Structures are given as C-alpha cells and as structure tokens.
Amino acid sequence: ISDIAADIEAGVRPEPKQLEKLASAMSGVTEFVVAEGFLHRYLRAWFPEKKVIGLGEALLRLPEIAKALKPGDLYVIEARGYHSDYKRLVKFYDSVRLQAGCTMSTSLQRAAIPVGATEPQKQRGCSSRVDSSEQVRWILDRRKVDRVVVESVEDMGIFKNLSPVNVIHVSELR
Amino acid sequence: GSKVFLPGMAVRKNEQIFQGITRLLEQ
C-alpha cells in the first residue's frame with residue numbers, strides 16, 4: 053500500500069491488478085486506521101464496506117489519550133482526512149474540543165486548516181498552493197497555548213520551528 | 004472484525020512514534 057500511496061500522491065492511478073491484490077490481502081479487515089489523510093477518500097471508494105478512520109480519531113477514542121488533552125492545548129487536525137469525511141468529523145472533533153476545553157486548528161466555518169501535508173510535494177520540487185510556515189503562523193497568531201498536539205507527523209517539524217511551546221504527536225499525549 | 008493500521012511514510016520514518024502508536028492501537 054505504500055507504493056500505491058506514493059503513486060496516488062504523484063497523480064498515478066493504481067492498476068486494477070494492484071487493487072485486486074490489495075483487496076485480497078485486506079479481505080478479513082473491517083476497519084482501516086489511516087495516517088495519510090489523502091488516502092481516506094480512495095480507500096472508501098475501493099472498499100465501501102469497510103470503515104476508514106484517521107489516526108487522530110483512532111487515538112482520541114482511547115480514554116487515556118482523550119483524558120490527556122487539556123484546555124491549554126492547541127490540537128492540530130490532519131486536514132485532508134478531516135475534509136474527506138467532513139459531516140461526521142465536525143461532530144466528532146466538536147465533542148473532543150468541548151470535552152477537553154482545548155482549541156483546534158479549524159477556521160470559523162470549522163474547516164480544518166491545512167499545514168504540513170503539502171511538504172512532501174514541495175520537497176519533490178512540485179509547486180504547492182499552501183505555504184506551510186505561513187499556515188502555522190496564522191494558526192498560532194494571537195493564540196496563547198501551553199502545548200501543541202499534532203495528528204500528522206509531517207506537522208511536527210514545522211510547528212517545532214515556529215512555536216515557542218512544546219510540540220508533541222497525539223500518540224505522545226500523557 | 005479486524006483492524007489494520009496504515010502508518011504511511013512519515014510515521015514509518017519516526018520509529019519512536021510508530022512504536023508508540025502500535026502499542027496504543029493494540030490495546
């Protein structure tokens with residue numbers, strides 16, 4: 053699936069044979085927990101009978117992780133997975149936000165603001181519509197936070213460069 | 004049913020985080 057993911061990100065559609073092979077390898081699976089947000093849409097189209105959720109959602113459903121999210125935290129959502137299942141996830145993240153009392157990387161319309169997901173394209177020399185550093189500055193602007201918690205590993209480096217506070221991955225919440 | 008975790012390249016490259024996630028998801 054890593055090869056297929058790399059192809060999709062580069063704009064290459066997987067061959068039907070590749071998909072058949074993948075389907076047979078995944079025949080007993082009922083749920084995918086997927087870190088790469090851009091893959092969610094494709095996996096739902098290929099496997100409509102299976103559940104596809106993001107890594108952040110899977111971890112936030114664990115009580116020990118949910119309890120460790122605090123009011124002073126800024127939680128940074130992985131935007132591509134969020135937008136691929138927007139109707140359901142607005143409700144899910146709203147309930148997480150209300151329960152923890154934290155802030156989130158969403159706009160007033162509750163759209164998740166993209167950050168580091170475009171970095172790999174830029175590193176490969178492709179143009180990107182989003183400047184990750186600008187997005188991070190905008191998210192942090194006039195916000196007083198004690199800690200930044202990111203869902204996407206790609207966002208960690210960018211936030212660490214620009215944020216004066218501690219930056220951790222959601223799996224490191226304690 | 005069974006669950007499968009697809010970590011992607013960025014998580015795979017970060018060994019410590021990859022192991023932490025695997026431990027949590029196996030609970």
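Those sequence lines, one after another, are chains A and B. Residues in the first sequence are numbered consecutively from 53, following this note's numbering. Residues in the second sequence are numbered consecutively from 4, following this note's numbering. For glycine and all other residues, C-beta sits at the position ideal for the given N, C-alpha and C. No experiment lies behind these values; they were computed from the predicted model shown.
- Contact between G89 of chain A and A131 of chain A holds, with the beta-carbon distance rounding to 7 Å and staying under 8 Å.
- With the rule of 3 Cβ pairs closer than 8 Å, the region 198-207 of chain A counts as touching the region 13-22 of chain B.
- For D146 of chain A, the enclosing alpha helix (DSSP H) begins and ends at Y138 to A152.
- The three-state reading of DSSP puts R199 of chain A in strand, counting E and B together.
- Chain-ordered, the chain B residues with CB closer than 7 Å to the CB of G80 of chain A read S5.
- For a Cβ distance threshold of 7 Å, residue set A13, V14, N17 and I20 of chain B lies close to V205 of chain A, ordered along the chain.
- Under the three-state reduction of DSSP output, N213 of chain A falls in the helix class.
- Non-local C-beta neighbours of Q187 of chain A in its own chain, meaning closer than 7 Å and more than five positions away in sequence, comprise I165, P166 and V167, ordered along the chain.
- Taking a beta-carbon distance threshold of 7 Å, I53 of chain A counts as an interface residue toward chain B.
- Cβ contact annotation for D125 of chain A (same chain, cutoff 6 Å, sequence separation greater than five): C154, R199 and V201, in chain order.
- Residue pairing by DSSP places A164 of chain A opposite A:T158 in a beta bridge.
- By the Cβ-count criterion, A77 of chain A is exposed, with fewer than 16 other Cβ atoms from all chains shown falling within 10 Å of its own Cβ.
- Closer than 7 Å to the CB of H221 of chain A there is at least one CB belonging to chain B.
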